[in-house]
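Below is one structure, written out as structure tokens; the observations come after it.
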Ligand SMILES: [Zn+2]
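Residue numbers (this note's numbering): 30 to 211.
Written as structure tokens, this is what we have:
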């Protein structure tokens, strides 16, 4: 079926793609389009015939196929009994999945997925964030975990959804490499 503008019925030549991303774990492509005749915007989804396959490389070197259900269950564990609605968990899963598929070709280290989740959770729920980070970053001592929790509490005082993450990152390892982002 040829695509037309759902508002003014302009044909495909008048429709431009303004954003395009894979979703559902590479099984479909979501395109945001704009009609140059009436200026309205709409979204289309295209099924991918041959889904993009992504392999997750675990810390011990084992390779497993990308599994969205595992991402969601990890998020649910972190958010257990926290005031985070299921819709929010699914939204985070969507965003992490999108970022992972956009940023990686065939393989993705499991640590990159973990860091992606951490970045999103931090802005949603501080307890869920520390819970997840404590599993993912495998703090070796109680002090490391306490430092991380303190950094979260400090950051909350200055919190700004965009700046907060950078702030934490620069607080977290000041002695590691002498690098200071801000
Ligand atoms: Zn139109």
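Beta carbons: idealized from backbone N, C-alpha and C, even for Gly.
This structure is a prediction, so every number in the text was calculated from the model and none was measured.
| Asked | Found |
| --- | --- |
| Segments assigned beta strand (DSSP E), at least 3 residues, entirely inside the stretch 65-153 | 70-76, 84-86, 92-94 and 136-138 |
| Heavy atoms of ligand 1 versus C-beta positions, residues under 6 Å | 34, 36, 37, 39, 64, 66, 67 and 69 |
| Nearest-angstrom Cα separation, counted from residue 74 out to residue 41 | 15 Å |
| For residue 204, the three-state DSSP class (helix, strand or coil) | The pLDDT assigned to residue 204 is 45, lower than 50, so where the model puts this residue is not dependable; a value taken from the coordinates is nonetheless given after this. Helix, per DSSP. |
| Reduced DSSP secondary structure (H/G/I, E/B, other) of residue 33 | strand |
| Validate contact between the stretch 62-76 and the stretch 113-120 using beta carbons, cut 8 Å, 3 pairs | no |
| Cα-Cα separation, residue 52 to residue 145 | 16 Å |
| For residue 139 and residue 100, the rounded distance between their alpha carbons | 10 Å |
| Under the three-state DSSP convention, the category residue 40 falls into | strand |
| Separation of residue 157 from residue 111, as counted between CA atoms | 7 Å |
| Residue 45 - partner residues in DSSP beta bridges | 63 |
| Where residue 129 falls, given that 16 or more other Cβ within 10 Å makes a residue buried | buried |
| Beta-bridge partners of residue 57, as assigned by DSSP | 52 and 76 |
| Residues near residue 149 by beta carbon distance below 8 Å, same chain, minus five either side | 121, 124 and 125 |
| Buried versus exposed, by CB contacts within 10 Å (16 or more), residue 172 | exposed |
| Residue 89 versus residue 96: straight-line alpha-carbon distance, rounded | 18 Å |
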